[in-house]
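Take 1 as the starting number for the sequence shown in the working numbering and just add one per residue.
Even for Gly, the Cβ is constructed at its ideal location relative to N, Cα and C.
So the structure is just underneath, and the comments pick up after that.
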Amino acid sequence: MMETCALSRIPAKVKSSITFSENGLIAELQDLARSGMPYKVRLRFSGGVEAVCELEDDSELEKLLQESPFTAEANRWGDEIYFDLPIKLKLKGERTLMEVGEVAYWPEGNSLCLFFGPTPASRGDKPVAYSKVKPLGRVVEGLEDLRKVKDGEEIRVEITRG
């Protein structure tokens, strides 16, 4: 039964490349199951808003996972919330034009940014970052509630795998 649980968490593209032996090493299968799964970021704001983001699998984010949980201060810039990270990531910015719901890393400010509408740099309804950011994922829960977050609120940030 334990093997079935571990196997069910392995992405299909990984599963197809595995050769199984009779003794089936469970720990290795669980490690494989975790690889390729997105990071989940749960944000709890002191004003009561909660949001969940899913981020792509990137080796730099593994460093951030080691710092979790941590607290930060919410900064508002139009319909964007950004907050400082406890460590510097080695990710380069790629673009400024964003989509509603995107989450990105801002190298210049060493911050994680959540875009949920126009920013002061926008010329229409689409969010535009202050400077180039590296897109990492999406807000999957609580996107509409982010408008209720006030500048300066404390955020508890919890990052997990899958």
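In the structure shown, what three-state DSSP assignment does R147 receive? helix
Spell out the partners DSSP gives P135 in its beta bridges. A104
Check for me: the beta strand (DSSP E) holding K40 runs from which residue to which? Residues Y39 to F45.
Run of the alpha helix (DSSP H) containing L168, from where it starts to where it stops: Since the first residue of the chain shown is 1 and the last is 162, residue 168 is not available in this structure.
Identify which residue in G48, V139 and G142 has its Cα closest to the Cα of E153. G48
By the DSSP assignment, the beta strand (DSSP E) with L112 in it spans what residues? S111 to F115
Taking 8 Å as the cut-off, does the segment 137-144 touch the segment 62-71 (at least 3 CB pairs, one atom from each stretch)? Of all C-beta pairs linking the segment 62-71 to the segment 137-144, fewer than three are shorter than 8 Å, placing the two stretches out of contact.
Buried versus exposed call for L112 [16 or more other C-beta atoms within 10 Å across all chains shown]: buried
Quick one: is R95 buried, meaning 16 or more other Cβ sit within 10 Å of its Cβ, or exposed? exposed
Rounded separation between S46 and K150 - CA only: The straight-line gap from Cα to Cα measures roughly 9 Å.
Which residues in the same chain have their Cβ closer than 8 Å to the Cβ of L61, if we skip the five residues on either side of it in sequence? Y39, L55, L89, L136 and I159
Rounded to a whole number of angstroms, what is the C-alpha to C-alpha distance between K126 and K134? Taking C-alpha positions only, K126 is separated from K134 by approximately 17 Å.
Going by the C-beta, is K134 closer than 7 Å to any heavy atom of the ligand MN? The ligand MN is absent from the structure shown, which contains no ligand whatsoever.
Ordered along the chain, which non-local residues of its own chain (more than five positions away) have a Cβ less than 6 Å from that of W77? T119
Work out the CA separation of V41 and I87 for me, nearest whole Å. 16 Å
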